[in-house]
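Worksheet for the structure shown next.
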Amino acid sequence: ENYIHLSNFYEIYKDTYNVEWGSHKWLELPVKENYENYIFISASKKRYNYYFDFNSLKKYNKEIFFITTNINEYNYFKENSKCDFDLILFDNLMDYWIAINSCFLFVSNLSSFLSVALSLQKNNIALLPDENLQDDIVHFPRNLINSMWYKNEKENNL
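With our numbering, the residue at position 26 of the sequence shown is 80, and numbering never jumps.
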(Lines of atoms letter the chains of each structure in order from A and count residues from 1; the text may use other names and numbers.)
(Lines give C-alpha, C1' and ligand atoms only; values in the text may rest on other atoms or scores of the structure.)
Protein backbone atom coordinates (compact mmCIF):
# COMPACT_ATOMS: atom_id res chain seq x y z
CA GLU A 1 0.00 0.00 0.00
CA ASN A 2 1.02 3.58 -0.63
CA TYR A 3 1.07 5.95 2.29
CA ILE A 4 1.49 9.65 1.68
CA HIS A 5 4.43 9.91 4.07
CA LEU A 6 6.24 7.16 2.12
CA SER A 7 5.15 8.10 -1.39
CA ASN A 8 3.63 10.98 -3.37
CA PHE A 9 0.32 11.82 -5.00
CA TYR A 10 1.61 10.95 -8.47
CA GLU A 11 2.39 7.35 -7.44
CA ILE A 12 -0.76 7.02 -5.33
CA TYR A 13 -3.07 8.12 -8.16
CA LYS A 14 -1.24 5.98 -10.69
CA ASP A 15 -1.28 2.86 -8.47
CA THR A 16 -4.78 3.33 -7.06
CA TYR A 17 -6.71 4.68 -10.05
CA ASN A 18 -4.45 3.74 -12.97
CA VAL A 19 -4.51 7.37 -14.12
CA GLU A 20 -1.47 9.10 -15.56
CA TRP A 21 -1.17 12.46 -13.81
CA GLY A 22 -2.36 15.31 -16.03
CA SER A 23 -3.64 13.12 -18.84
CA HIS A 24 -7.23 14.40 -18.50
CA LYS A 25 -8.69 17.84 -18.15
CA TRP A 26 -10.33 17.75 -14.72
CA LEU A 27 -11.94 21.19 -14.48
CA GLU A 28 -14.14 23.34 -16.70
CA LEU A 29 -14.31 27.05 -15.97
CA PRO A 30 -15.48 30.12 -17.86
CA VAL A 31 -13.01 32.26 -19.80
CA LYS A 32 -12.59 35.99 -19.29
CA GLU A 33 -11.51 37.16 -22.75
CA ASN A 34 -9.64 40.30 -21.67
CA TYR A 35 -7.06 38.05 -19.92
CA GLU A 36 -6.12 36.06 -23.04
CA ASN A 37 -2.98 38.08 -23.76
CA TYR A 38 -1.75 38.15 -20.17
CA ILE A 39 0.94 36.20 -18.41
CA PHE A 40 0.09 35.63 -14.77
CA ILE A 41 2.69 34.90 -12.11
CA SER A 42 1.81 33.35 -8.77
CA ALA A 43 4.71 32.64 -6.44
CA SER A 44 4.31 32.00 -2.75
CA LYS A 45 7.01 32.26 -0.10
CA LYS A 46 6.87 28.53 0.41
CA ARG A 47 8.93 26.63 -2.20
CA TYR A 48 9.95 29.91 -3.88
CA ASN A 49 12.32 29.41 -6.82
CA TYR A 50 15.14 31.96 -6.49
CA TYR A 51 16.80 31.01 -9.80
CA PHE A 52 14.09 31.75 -12.34
CA ASP A 53 14.48 35.05 -14.21
CA PHE A 54 10.94 36.40 -14.35
CA ASN A 55 12.06 39.11 -16.77
CA SER A 56 12.66 36.32 -19.30
CA LEU A 57 8.87 36.15 -19.70
CA LYS A 58 9.00 39.45 -21.60
CA LYS A 59 10.09 37.46 -24.68
CA TYR A 60 6.43 36.46 -25.16
CA ASN A 61 5.42 40.11 -25.76
CA LYS A 62 2.44 39.85 -23.42
CA GLU A 63 1.38 41.93 -20.45
CA ILE A 64 2.70 40.38 -17.23
CA PHE A 65 0.93 40.55 -13.88
CA PHE A 66 1.49 39.06 -10.47
CA ILE A 67 -1.77 37.61 -9.16
CA THR A 68 -2.57 36.71 -5.60
CA THR A 69 -5.09 36.80 -2.78
CA ASN A 70 -2.39 37.89 -0.33
CA ILE A 71 -0.51 41.18 -0.70
CA ASN A 72 2.38 39.76 1.37
CA GLU A 73 3.11 37.27 -1.42
CA TYR A 74 3.39 40.14 -3.91
CA ASN A 75 5.71 42.10 -1.65
CA TYR A 76 7.91 39.03 -1.18
CA PHE A 77 7.98 38.46 -4.93
CA LYS A 78 8.98 42.07 -5.68
CA GLU A 79 11.75 41.95 -3.07
CA ASN A 80 13.21 38.63 -4.26
CA SER A 81 12.68 38.83 -8.02
CA LYS A 82 13.64 42.49 -8.44
CA CYS A 83 10.64 42.73 -10.80
CA ASP A 84 7.93 45.32 -10.55
CA PHE A 85 5.09 43.76 -12.51
CA ASP A 86 1.63 45.13 -11.80
CA LEU A 87 -0.57 43.38 -9.26
CA ILE A 88 -4.03 41.90 -9.61
CA LEU A 89 -5.35 41.18 -6.13
CA PHE A 90 -8.29 38.78 -6.04
CA ASP A 91 -10.75 38.69 -3.18
CA ASN A 92 -12.22 35.31 -4.08
CA LEU A 93 -10.90 32.05 -5.45
CA MET A 94 -13.38 31.64 -8.29
CA ASP A 95 -12.20 34.86 -9.97
CA TYR A 96 -8.59 33.72 -9.44
CA TRP A 97 -9.29 30.34 -11.06
CA ILE A 98 -11.12 31.97 -13.99
CA ALA A 99 -8.07 34.20 -14.51
CA ILE A 100 -5.82 31.13 -14.62
CA ASN A 101 -8.15 29.53 -17.16
CA SER A 102 -8.18 32.67 -19.29
CA CYS A 103 -4.53 33.71 -19.49
CA PHE A 104 -1.92 33.06 -22.17
CA LEU A 105 0.57 31.57 -19.68
CA PHE A 106 0.50 30.82 -15.95
CA VAL A 107 3.79 30.73 -14.02
CA SER A 108 3.76 29.34 -10.50
CA ASN A 109 5.68 27.42 -7.92
CA LEU A 110 4.17 24.21 -6.51
CA SER A 111 0.85 25.36 -5.10
CA SER A 112 -2.87 24.80 -5.19
CA PHE A 113 -3.05 27.39 -7.99
CA LEU A 114 -0.61 25.40 -10.12
CA SER A 115 -2.80 22.35 -9.47
CA VAL A 116 -5.76 24.28 -10.86
CA ALA A 117 -3.75 25.22 -13.97
CA LEU A 118 -2.71 21.59 -14.46
CA SER A 119 -6.32 20.44 -14.00
CA LEU A 120 -7.37 22.91 -16.69
CA GLN A 121 -4.44 21.87 -18.90
CA LYS A 122 -3.45 25.53 -19.21
CA ASN A 123 -0.11 26.61 -20.64
CA ASN A 124 2.11 26.88 -17.60
CA ILE A 125 5.61 26.97 -16.25
CA ALA A 126 5.98 25.08 -12.98
CA LEU A 127 8.75 26.55 -10.84
CA LEU A 128 10.11 23.61 -8.91
CA PRO A 129 11.73 24.02 -5.51
CA ASP A 130 15.47 23.98 -5.46
CA GLU A 131 15.47 22.33 -2.08
CA ASN A 132 17.28 19.11 -1.33
CA LEU A 133 14.09 17.10 -1.53
CA GLN A 134 14.16 13.64 -2.98
CA ASP A 135 12.40 13.28 -6.32
CA ASP A 136 10.33 10.42 -4.96
CA ILE A 137 8.86 12.72 -2.30
CA VAL A 138 8.27 15.83 -4.41
CA HIS A 139 7.48 14.28 -7.76
CA PHE A 140 6.50 16.55 -10.62
CA PRO A 141 5.88 14.66 -13.87
CA ARG A 142 8.00 16.22 -16.59
CA ASN A 143 5.66 15.30 -19.46
CA LEU A 144 2.36 16.99 -18.64
CA ILE A 145 0.20 18.50 -21.37
CA ASN A 146 0.88 22.25 -21.88
CA SER A 147 3.39 22.28 -19.03
CA MET A 148 7.00 23.37 -18.90
CA TRP A 149 9.10 23.22 -15.77
CA TYR A 150 12.10 25.00 -14.30
CA LYS A 151 14.20 24.06 -11.29
CA ASN A 152 17.43 25.89 -12.13
CA GLU A 153 19.59 26.70 -15.16
CA LYS A 154 20.72 23.07 -15.55
CA GLU A 155 17.41 21.37 -14.78
CA ASN A 156 14.52 22.67 -16.91
CA ASN A 157 12.73 22.15 -20.23
CA LEU A 158 12.29 25.78 -21.27
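Cβ atoms here follow ideal geometry from the backbone N, Cα and C, with glycine treated the same way.
Because the structure is a prediction, the values reported are computed rather than measured.
Taking one beta carbon from each stretch, the stretch 197–210 and the stretch 108–128 have fewer than 3 pairs nearer than 8 Å; the two do not touch.
Distance check between tyrosine 102 and each of Phe158, Asp149, Ser135 places Ser135 closest, using alpha-carbon atoms only.
By the Cβ test, the stretch 77–88 is not in contact with the stretch 177–184, since fewer than three Cβ pairs between them sit closer than 8 Å.
For aspartate 138 and alanine 97, the gap between their C-alpha atoms comes out near 14 Å. DSSP places tryptophan 203 inside the beta strand (DSSP E), whose first and last residues are 201–204. Restricting attention to beta strand (DSSP E) runs no shorter than 3 residues, the stretch 55–110 encloses them at 92–96, ordered along the chain. Fully enclosed alpha helix (DSSP H) runs of no fewer than 4 residues occupy 125–135 of the stretch 105–144, in order along the chain. Put simply, of Gln175, Leu168, Ser173, Asp107 the residue whose alpha carbon is nearest the alpha carbon of glutamate 207 is Asp107. Cβ-Cβ distances below 6 Å link isoleucine 152 to Leu83, Pro84, Lys86 in the same chain, with the five nearest sequence neighbours on each side left out; the list follows chain order.
Listed as beta-bridge partners of alanine 180 by DSSP are Ser162, Trp203. Pairwise C-beta distances place the stretch 107–116 in contact with the stretch 153–167, as three or more of them are shorter than 8 Å. In this structure, isoleucine 121 places its C-beta atom within 7 Å of the C-beta atom of isoleucine 142.
Burial state of leucine 212 is exposed, judged by a 10 Å Cβ sphere holding fewer than 16 other Cβ atoms.
Remark: C-beta atoms of leucine 81 and serine 173 approach each other more closely than 7 Å.
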